[in-house]
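In the numbering used here, the protein residues as written are 98 to 299.
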């Protein structure tokens, strides 16, 4: 019961974050960064494999503002990214998967302390592992295969081909998240979040 209560409180508190102008502005900046990285900072290997760094701004939204803003940021990143750089076919399922990625980051990382502790590292690794295994490897592959976007390969062959890529992106992404997220959260909490709280108290 305590676990589910914490989850519900996480969603409630993160939804309230959207009432804060600083939150909206910060999400807008991170969303712009995500769109740029998705459209122009991606590495494509054939039709089925795409390596990008969108996870960084999405995970930043998650750690700073929680699952609700993370969900919206994920959805908008994929939609706006396609409008800005319409490469290939627009696939609605991939929009939902991107939203799920932002949701997962928010659920796992919200209210994470900025100190590099064992618990902090474990939560970052868990968030990245779940996203890589569930969103990138399983759902993404299934979506591409089920709509016939990838032809000439069985689902099993396609799945195996993407395992190596996701292992690499998990390791690289986890390291980048630990190197970037914690300093960013510390700066945001000290310079922006607490400054806003002091203004409201005056």
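Built from N, CA and C at the ideal position, the CB exists for glycine as well. Please read all numbers here as calculations on a predicted model, not as lab measurements.
To the nearest angstrom, report how far apart residue i and residue j are at their CA atoms.
i           : j           : result
residue 253 : residue 229 : 17 Å
residue 116 : residue 271 : 30 Å
residue 194 : residue 281 : 25 Å
residue 278 : residue 126 : 15 Å
residue 222 : residue 276 : 13 Å
residue 145 : residue 238 : Here residue 145 scores only 49 on pLDDT, less than 50, and its place in the model should not be relied on; the value that follows carries that caveat. Cα to Cα, residue 145 sits roughly 8 Å from residue 238.
residue 187 : residue 215 : 40 Å
residue 240 : residue 217 : 32 Å
residue 231 : residue 209 : 22 Å
residue 261 : residue 130 : 26 Å
residue 121 : residue 114 : 8 Å
residue 105 : residue 257 : 36 Å
residue 269 : residue 151 : 13 Å
residue 316 : residue 184 : Since the first and last residues shown for the chain are 98 and 299, residue 316 lies out of range.
Within this structure, are the beta carbons of residue i and residue j separated by less than 8 Å?
i           : j           : result
residue 200 : residue 171 : yes
residue 213 : residue 234 : no
residue 175 : residue 191 : yes
residue 55  : residue 289 : One cannot answer for residue 55 here, as it falls past the ends of the chain, which runs 98 to 299.
residue 173 : residue 236 : no
Cutting at 7 Å between CB atoms, please list the residues of its own chain near residue i, excluding the five before and the five after it.
i           : result
residue 159 : 167, 199, 202, 203, 206 and 207
residue 242 : 252 and 255
residue 107 : 163, 164, 204 and 207
residue 124 : 158, 162, 166 and 170
residue 286 : 211
residue 267 : 225, 226 and 229
Have a look at the options and flag the residue whose alpha-carbon is nearest the alpha-carbon of residue i.
i           : options               : result
residue 110 : 274, 174, 162 and 243 : 162
residue 133 : 105, 182 and 117      : 182
residue 197 : 116, 227 and 216      : 227
residue 219 : 112, 122, 274 and 108 : 274
residue 149 : 157, 136 and 156      : 136
residue 224 : 185, 155, 287 and 189 : 155
residue 244 : 189, 269 and 184      : 189
Starting from residue i, trace the alpha helix (DSSP H) in both directions and tell me its first and last residue.
i           : result
residue 264 : 252 to 285
residue 243 : 237 to 243
residue 306 : Only positions 98 to 299 of the chain appear in the structure, and residue 306 is not among them; the question remains open.
residue 232 : That residue, residue 232, is in no alpha helix (DSSP H); it is neither H nor E in DSSP.
residue 124 : 118 to 137
If you drop the 5 nearest sequence neighbours on each side, which residues of the same chain put their C-beta closer than 6 Å to that of residue i?
i           : result
residue 283 : 211
residue 177 : 132
residue 180 : none
residue 112 : 165
residue 263 : 229, 233 and 234
Please confirm whether any heavy atom of the ligand NAP lies closer than 7 Å to the CB of residue i.
i           : result
residue 152 : Here there are no bound small molecules, and the ligand NAP is not part of this structure.
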